[in-house]
Amino acid sequence: MGGEAKVTMIPKSFDEETATAAASVNIWKYVFGFTDAAVVKCAVDLGIPRVIRSNGGDSIRLSQLSSALGCGQDQSAALRRIMRFLAQRGFFTYASRDPVDPEYSMTPLSRLLLEDDPHSMARFILLEAHPTMLGPWQNLARHVLDGTPPFVVANGEDVWLRATGDREFGRLVDDAMACDARIVVPAIAHGCPNLFQGIGSVVDVGGGNGITMSMIVKAFPPVKGINFDLPHVVADAPSWEGVEHVGGDMFKEVPKADAAFLMWVLHDWSDDDCIHILRKCKDAIPRDGGGKVVIVEGVMEEEGEEAQDELSGVRLSLDMVMMAHTKAGRERTRKEWESVITQAGFSRIHITAIAAVQSVIEVFP
Ligand SMILES: C[S@@+](CC[C@H](N)C(=O)[O-])C[C@H]1O[C@@H](n2cnc3c(N)ncnc32)[C@H](O)[C@@H]1O
């Protein structure tokens with residue numbers, strides 16, 4: 002006869018019990034982590050910050066917001082719950098806590114959801130929450146086991162082919178990148194004011210719609226700019242003063258200039274591809290000295306040495322985004338950047354931290 006298994010309870014120490022209790026609370030952040038991105042996307046989809054702004058000020062009553070958005074009858078209760086969530090997360094404050102008709106005020110965080118704010122992140126939020134970008138996350142575990150690219154499994158092609166065939170999605174990618182450029186270029190100009198001293202022309206390799214180059218030529222006169230990207234990307238790009246658009250393939254040839262500039266391009270690619278692209282950039286700059294390549298990318302801390310600040314966390318998240326959305330892209334540590342750059346034939350590297358996710362990595366032949 003099988004006797005009942007005897008379970009011995011080992012008493013937990015006070016410290017262990019406290020840690021377990023804290024973990025039981027902490028874990029909910031991961032159970033419901035997706036709700037933050039989903040509800041913020043909802044606010045952008047609805048245009049809530051835009052409606053508040055066009056209400057003539059910085060605040061709005063629930064009833065006004067509901068009627069401006071065209072909420073159906075009885076739907077202001079759903080809107081009120083959305084606003085309550087966003088207020089708790091710091092996107093709005095209560096100008097009035099009227100129990101029937103509360104009034105909400107904008108905050109610095111909700112201003113970043115306005116499409117026309119100079120620091121808007123609205124299109125970046127829409128990109129990352131787009132179904133095309135969400136699907137690959139379901140395939141991360143499989144990628145870890147057998148290396149299958151998550152984006153290709155979810156969408157049948159890689160992200161750049163998708164952006165070519167589906168131009169609405171492609172424009173969203175370009176607009177999202179432009180959100181980042183509007184923040185990073187002023188940080189580059191502030192942190193590296195002499196970056197292009199003595200440089201007459203710069204080619205932005207994988208420059209998207211050209212906004213980065215348009216800001217560089219303004220921030221670093223008298224630099225002349227070339228915005229270089231895939232032909233369909235530059236065909237869609239607006240014209241910018243002082244910037245010439247050139248379409249092509251950076252794996253084949255990069256247009257000649259005194260300096261080549263690569264922002265958030267190399268992190269999309271494997272080490273071998275990065276070395277290939279960097280060699281093409283080296284071929285594009287003057288052989289007789291004076292030229293350089295400027296790489297604007299995140300520099301991760303060594304494993305286990307990550308700082309506990311927000312931007313370190315963003316770089317780690319970005320590394321996961323690269324795993325989900327590219328075939329072999331990744332964020333890199335200083336040592337990993339040095340390895341790729343020296344293998345591409347450059348002899349000197351200078352890294353400057355700036356007030357952004359990225360650092361400025363200057364590399365010299
Ligand atoms: C992540 S985006 C970065 C855009 C821009 N540098 C920025 O930071 O705002 C990568 C860019 O690389 C471009 N790209 C991809 N493959 C390319 C190729 N073979 N030749 C040139 N550009 C390419 C994409 O079209 C896209 O604009």
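Following this note's numbering, the numbering of the sequence shown begins with 2 at its first residue and continues without gaps. We put the beta carbon where it would ideally sit given N, CA and C, even for glycine.
- One residue list follows from the rule of a beta carbon closer than 6 Å to any heavy atom of ligand 1, given in chain order as TRP161, MET178, ASP181, ALA182, GLY207, GLY208, GLY209, THR213, ASP230, LEU231, VAL234, ASP250, MET251, PHE252, MET264, TRP265, VAL266 and ASP269.
- According to the DSSP assignment, MET251 belongs to no alpha helix (DSSP H), since it is labelled neither H nor E.
- According to the DSSP assignment, LYS13 belongs to no beta strand (DSSP E), since it is labelled neither H nor E.
- Proximity to ARG335 across ARG82, SER97 and VAL361 peaks at VAL361, based on C-alpha coordinates.
- Remark: C-beta atoms of ALA20 and ALA130 do not approach each other more closely than 8 Å.
- In the three-state DSSP reduction, LYS283 falls in the helix class (H, G or I).
- Sixteen is the threshold: since fewer than 16 other Cβ atoms of the shown chains lie within 10 Å of the Cβ of PHE33, the residue is exposed.
- In chain order, ALA182 and VAL186 place their CB closer than 7 Å to the CB of MET216, counting only its own chain and leaving out the 5 sequence neighbours on each side.
- Contact between the segment 90-108 and the segment 46-65 is present, with at least three C-beta pairs closer than 8 Å.
- Annotation note: the segment 142-208 contains the following uninterrupted alpha helix (DSSP H) runs of length 4 or greater, listed N- to C-terminal: 151-156, 160-166 and 168-192.
- In the DSSP secondary-structure assignment, LYS219 is not bridged to any residue.
- Per the coordinates, the alpha-carbon of ARG333 lies some 44 Å from the alpha-carbon of ILE11.
- With a 10 Å radius around the Cβ and a threshold of 16 neighbouring Cβ atoms, VAL300 comes out buried.
- Rounded to whole angstroms, the separation of the alpha carbons of ALA345 and GLU306 is 27 Å.
- When C-beta atoms of the segment 142-160 are compared with those of the segment 193-212, fewer than three pairs fall below 8 Å, so the two segments do not count as touching.
- In the same chain as SER348, and ignoring 5 residues on each side of it, the C-beta atoms closer than 7 Å to its own belong to PHE365 and PRO366, in chain order.
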